[in-house]
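**Q**
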Amino acid sequence: DAGITQSPRHKVTETGTPVTLRCHQTENHRYMYWYRQDPGHGLRLIHYSYGVKDTDKGEVSDGYSVSRSKTEDFLLTLESATSSQTSVYFCAIRQDSYNSPLHFGNGTRLTVT
Amino acid sequence: DQQVKQNSPSLSVQEGRISILNCDYTNSMFDYFLWYKKYPAEGPTFLISISSIKDKNEDGRFTVFLNKSAKHLSLHIVPSQPGDSAVYFCAASAQYGGSQGNLIFGKGTKLSVKP
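Here the protein sequences line up with chains F and E, keeping their order.
Sequential numbering of the first sequence, starting at 1, is according to our numbering.
Sequential numbering of the second sequence, starting at 1001, is according to our numbering.
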């Protein structure tokens, strides 16, 4: 295993409430990513980080924010959850070198009712 | 517009035979390609990769072929085993321009290997 822990593994929340998902790594990798997986869409990048306090938007960033105050933790926040954000969220990490694969956590299944 | 396309949502093969999963891409700047395998309720697992300077990479039962002129790559699994049944994702990235070095994924192909 690549040393990635996502929490919680499952969460049910109501529309309009804020939600924070946590990704914790023990590999000391510089790059961290948040993806969402939806039927018919594969994996889509939400936000990524290339260092402490260095983050950028991905393909589907609307409605999400991230923070990285420590190398090991990357937080994904839904400021006001909507039903369209019901999904499975995966965190991933990568070594510094470009031709390195991403290694994924086991995901957080989020349901917004 | 989809930059990485896996046109077959599903594939069924007999145990012991070859499985061939296909992937097409549109961005000519892509220079690094990967295949991931995903079981239900788990995260995607890295399987094999190939750089654009190569046209073939092999790792045990898994071989990836890259045809740059056709913008096409394929994953061959020989021989297929029931434990290979999973969803397979193709992914690509471009170090310069395009995806900012981030991986772009296809929608996946669900492989079923029947005993």
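Every residue gets a Cβ at the ideal spot worked out from N, C-alpha and C, and that includes glycine.
#1: Compare the C-alpha of Thr-82 of chain F against each of F:Pro-8, F:Tyr-33, F:Ser-67 and F:Thr-17 and name the closest.
#2: Measuring straight from C-alpha to C-alpha, what distance separates Leu-1073 of chain E and Asn-1022 of chain E?
#3: Please determine if the stretch 21–39 of chain F and the stretch 86–93 of chain F are in contact, where contact requires at least 3 C-beta pairs separated by less than 8 Å.
#4: Please report the distance separating the alpha-carbon of Gln-1003 of chain E from that of Asp-1031 of chain E.
#5: With a cut-off of 9 Å, does the C-beta of Gly-1060 of chain E fall near any C-beta of chain F?
#6: Going along the chain, which residues of its own chain have a beta-carbon closer than 7 Å to the beta-carbon of Tyr-1039 of chain E, five neighbours each way excluded?
#7: If we ignore side chains and look at the alpha-carbon of each, how far apart do Thr-15 of chain F and Leu-78 of chain F end up?
#8: Which residues mark the beginning and the end of the beta strand (DSSP E) in which Ile-1077 of chain E is found?
#9: How long is the line joining the alpha carbons of Asp-1001 of chain E and Phe-1046 of chain E, rounded to whole angstroms?
#10: Have a look at E:Phe-1033, E:Asn-1007, E:Val-1113 and E:Asn-1027 and flag the residue whose alpha-carbon is nearest the alpha-carbon of Pro-1079 of chain E.
**A** A quick look at the data gives this:
#1: Per the Cα distances, F:Thr-17.
#2: When rounded, the separation of the alpha-carbon atoms in Leu-1073 of chain E and Asn-1022 of chain E is 6 Å.
#3: Flag = yes, the stretch 21–39 of chain F and the stretch 86–93 of chain F touch.
#4: Cα to Cα, Gln-1003 of chain E sits roughly 13 Å from Asp-1031 of chain E.
#5: No, its Cβ sits nowhere closer than 9 Å to a Cβ of chain F.
#6: Excluding residues within five positions, the ones whose Cβ falls inside 7 Å are Ala-1086.
#7: So the two alpha carbons sit approximately 11 Å from each other.
#8: For Ile-1077 of chain E, the enclosing beta strand (DSSP E) begins and ends at 1072–1077.
#9: Taking the CA atoms as reference points, Asp-1001 of chain E sits about 25 Å from Phe-1046 of chain E.
#10: When C-alpha distances from Pro-1079 of chain E are compared across E:Phe-1033, E:Asn-1007, E:Val-1113 and E:Asn-1027, the shortest belongs to E:Val-1113.
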